[in-house]
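The next block holds one structure in the form of structure tokens; read it before the comments.
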Amino acid sequence: MEEVNELPRAWVDHYTRSGFMLSDPVIRWIYSDRGFSRWSEMPMDDPREVLRAARDHGLVFGAAVSVLDDGPGGQRSFGTFARSDREFTEGEMELLHAFVCARHEALCPPRNLTAAELEALRLIKEGQRLKQIAYLLGVTEGAVKQRLKNARIKLEAKTGAEAISRASSFGLI
Numbered sequence: 001m002e003e004v005n006e007l008p009r010a011w012v013d014h015y016t017r018s019g020f021m022l023s024d025p026v027i028r029w030i031y032s033d034r035g036f037s038r039w040s041e042m043p044m045d046d047p048r049e050v051l052r053a054a055r056d057h058g059l060v061f062g063a064a065v066s067v068l069d070d071g072p073g074g075q076r077s078f079g080t081f082a083r084s085d086r087e088f089t090e091g092e093m094e095l096l097h098a099f100v101c102a103r104h105e106a107l108c109p110p111r112n113l114t115a116a117e118l119e120a121l122r123l124i125k126e127g128q129r130l131k132q133i134a135y136l137l138g139v140t141e142g143a144v145k146q147r148l149k150n151a152r153i154k155l156e157a158k159t160g161a162e163a164i165s166r167a168s169s170f171g172l173i
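Residue numbering for the sequence shown follows full-length UniProt numbering, beginning at 1 and increasing consecutively.
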């Protein structure tokens, strides 16, 4: 849902043109592990010499962070960080992990929305009016309003339109 890339443009261009992603040992680690690790501590098979190419671009020391939600369809967030001067300290690794975890939590959909709340949002998105929704669902207009309010709060939205937008962007409705 979000990409932030502060790596040197020359490296990004070379990495992309070379098609390194599918053979990048750091990306393989990210998708097979959780937590954080320095590049130098990862067991690596690097036949395309992705890390040698990274070093040639000044990315000598690196760290990777991988966060995965439990359960089916869990969301994964990750970060890979590099520098030229020294290994990342344990404290820096913990800070990078905390940063990726915080971004992950901020961008993941809420898990506590009920089916009734999502149905009310979906019907509003489709252009139904409160009275029509109440009739369709066999509840009062007050119950529909409460469902929409609960959904708005859980989605941390200021308005109903923002709640619908957020739920849509998360693929919930």
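No residue lacks a Cβ here, since even glycine has one placed at the ideal position from N, Cα and C.
For L68, the enclosing beta strand (DSSP E) starts and ends at 61 to 68. Taking a C-beta distance under 8 Å as the contact criterion, F81 and G58 do not qualify as a contact pair. By the Cβ-count criterion, S40 is exposed, with fewer than 16 other Cβ atoms from all chains shown falling within 10 Å of its own Cβ. CA-CA distance, E6 to T140, rounds to 52 Å. The residue from L118, L121, G142, F170 with its alpha-carbon nearest to that of P109 is F170. Its Cα nearest to that of H104, the residue D69 stands out among L22, D69, L148, V12. Here L130 has E141, V144 as same chain residues with Cβ atoms under 6 Å from its own Cβ, once five neighbours each way along the sequence are excluded. Here the alpha carbon of L123 sits roughly 7 Å from the alpha carbon of I133.
Looking at the DSSP output, A163 shares a beta bridge with no other residue. Taken in chain order, the complete alpha helix (DSSP H) segments of 4 or more residues contained in the UniProt domain "HTH luxR-type" (106 to 171) are 115 to 125, 130 to 137, 141 to 154, 160 to 169. Apart from the 5 residues on each side of it in sequence, V67 sits with its Cβ closer than 6 Å to the Cβ of S77, V100, C101, H104 in its chain, given in chain order. Under a 10 Å Cβ-count criterion, A151 is classified as buried, with 16 or more other Cβ atoms of the shown protein chains found around its own Cβ.
In this model, S168 and T159 are separated by some 14 Å (Cα to Cα).
In this chain, the alpha helix (DSSP H) harbouring R17 covers 9 to 18.
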